Ligand code: IPM
Ligand code: MN
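Numbering (our numbering), first residue to last: 492 to 864.
Below, the structure is given as structure tokens:
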């Protein structure tokens with residue numbers, strides 16, 4: 492095994508962010524020790540925590556720190572203390588600026604159910620069975636980054652947000668979705684509202700044009716309202732869902748619910764292959780759970796394994812952690828949000844400790860029998 496030296500920026504953020512990233516960093520540290528890699532973790536202030544300390548959700552030092560690292564691990568941001576602040580000063584504005592500044596235009600959200608967690612899906616077993624798809628959400632354009640305007644007060648108040656896409660922006664994310672699909676089940680479902688929106692008509696034409704370069708991949712178009720329904724009715728029909736920024740935000744929360752808890756789903760945001768990618772659970776900062784040691788760390792842990800795989804090319808290491816998680820779940824250990832009747836409910840830190848215990852046991856096993864999995 493060759494030694495890999497990497498730096499990881501850690502932006503713990505707000506609410507349960509520090510707890511869940513703490514669990515992920517702990518497992519990455521174990522991984523580095525066992526496989527003799529050298530991971531250096533650099534922490535930076537971000538989100539509401541950075542507003543409180545530096546008056547801005549994305550301090551220059553944080554941005555520069557992220558740029559200097561090989562990958563970024565983010566917890567979650569936001570919370571009631573910053574809810575009354577104007578939109579452009581909120582923690583969320585820091586996240587949007589970070590995405591823009593780092594050129595992160597692709598957001599990947601894998602919707603996969605661990606086999607021992609099928610019972611917590613809100614869908615019947617026959618409907619959820621075979622559900623394994625990825626959402627590729629465009630992350631740097633659309634109504635998120637068009638002009639936002641608020642005018643007037645009271646009854647005279649008005650507001651508008653402009654949705655804007657260029658063909659180039661659509662094309663680059665579409666290519667990524669087709670490449671992803673080519674390595675999976677070769678099916679892309681592009682989601683838009685082309686019967687109403689000009690940006691969606693451009694989206695559909697552009698995606699259709701890109702599809703010609705990928706003859707082995709089948710392309711299907713769905714309107715977003717129908718897609719929202721299909722995700723609930725027949726989730727197993729999807730392989731890769733490609734969609735814009737706003738629709739992707741909404742559909743990915745819906746899809747995450749299929750897994751039984753939004754606390755389980757990781758994400759990767761990336762731009763050019765040579766720039767650092769950002770990994771974060773898709774859940775929010777869950778202020779009501781913060782500091783209680785009950786939050787599910789799995790979204791952050793799967794973000795860490797996605798990081799190992801996608802940014803560092805460390806597939807065996809990623810599998811090593813994921814199979815330890817699966818064994819802990821198979822033994823019936825759960826955090827509160829993913830518990831079923833008969834589960835052994837643990838505090839978040841105890842749950843992570845169980846995973847570390849499984850990692851250690853598999854290490855003893857591998858010393859005897861090697862890493863063949
Ligand atoms: C997400 C979040 C963000 C988004 C917020 C926090 C700005 O909901 O990553 O899905 O809307 O993109
Ligand atoms: Mn969201």
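Ideal Cβ positions, reconstructed from N, Cα and C, are used throughout, including at glycine.
Only a predicted model underlies this, so the values are computations on that prediction, with no experimental measurement involved.
A distance below 6 Å between beta-carbons, with the five flanking residues on each side excluded, links residue 702 to the following residues of its chain, in chain order: 710. Residue 659 is classed as exposed because its beta carbon has fewer than 16 other beta carbons within 10 Å across all chains shown.
Within the model, the alpha-carbon separation for residue 842 versus residue 641 is close to 46 Å.
Secondary structure note for residue 506: it is in no beta strand (DSSP E), with a DSSP letter that is neither H nor E.
With 7 Å as the limit, the residues whose C-beta approaches any heavy atom of the ligand MN more closely are 740, 743, 744 and 773, in sequence along the chain.
Residue 767 and residue 515 have their C-alpha atoms spaced approximately 18 Å apart. Taken through DSSP and simplified to helix, strand or coil, residue 849 comes out as helix.
Separation of residue 498 and residue 634 (C-alpha to C-alpha, rounded to the nearest whole angstrom) is 33 Å. With the rule of 3 Cβ pairs closer than 8 Å, the segment 603 to 616 does not count as touching the segment 645 to 665.
Here residue 759 is buried, its C-beta having at least 16 other C-beta atoms within 10 Å. Beta bridge pairing from DSSP links residue 497 with 530. Take the alpha-carbon of residue 708 and the one of residue 677: they are about 4 Å apart. When secondary structure is reduced to three states using DSSP, residue 567 falls in the strand class.
Fewer than three beta-carbon pairs drawn from the segment 679 to 686 and the segment 649 to 656 are found closer than 8 Å, and the two stretches are therefore not classed as touching. For residue 827, there is no enclosing alpha helix (DSSP H), as DSSP gives it neither H nor E. Taking C-beta separations shorter than 8 Å and ignoring five residues to either side along the sequence, the partners of residue 812 in its chain run 518, 522, 792, 795, 796, 799, 846 and 850, following chain order. Checking the 6 Å criterion, the Cβ of residue 586 is within range of a heavy atom belonging to the ligand IPM. Every unbroken stretch of the alpha helix (DSSP H) spanning 4 or more residues and falling wholly within the segment 714 to 758 is given here in chain order: 715 to 724 and 736 to 749.
For the pair residue 555 and residue 500, the Cα-to-Cα distance works out to about 10 Å. With a threshold of 16 other beta carbon atoms within 10 Å, residue 536 meets it and is buried.
The beta carbon of residue 579 sits no closer than 6 Å to any heavy atom of the ligand IPM. Residue environment for residue 562: buried (at least 16 other C-beta atoms within 10 angstroms of its C-beta). Under the rule that a run must span 3 or more residues, the beta strand (DSSP E) segments found entirely inside the segment 544 to 602 read 562 to 567. Straight through space, the alpha carbons of residue 560 and residue 539 are spaced by roughly 22 Å. Bounds of the beta strand (DSSP E) holding residue 626 are 623 to 629. In this structure, residue 790 sits away from residue 778, with a CB-CB distance that is not shorter than 7 Å.
Assigned with DSSP and collapsed to three states, residue 633 falls in helix.
7 Å or more divides the Cβ of residue 558 from the Cβ of residue 598. Distance check between residue 534 and each of 508, 526 and 624 places 508 closest, using alpha-carbon atoms only. Counting only residues of its own chain and dropping the five nearest sequence neighbours on each side, residue 578 has a CB closer than 8 Å to the CB of 584 and 639. At least one heavy atom of the ligand IPM sits closer than 6 Å to the Cβ of residue 583. Residue 724 sits exposed, since fewer than 16 C-beta atoms from the chains shown fall within 10 Å of its C-beta. Contact between residue 567 and residue 775 holds, since their C-beta atoms are separated by about 5 Å, short of 8 Å.
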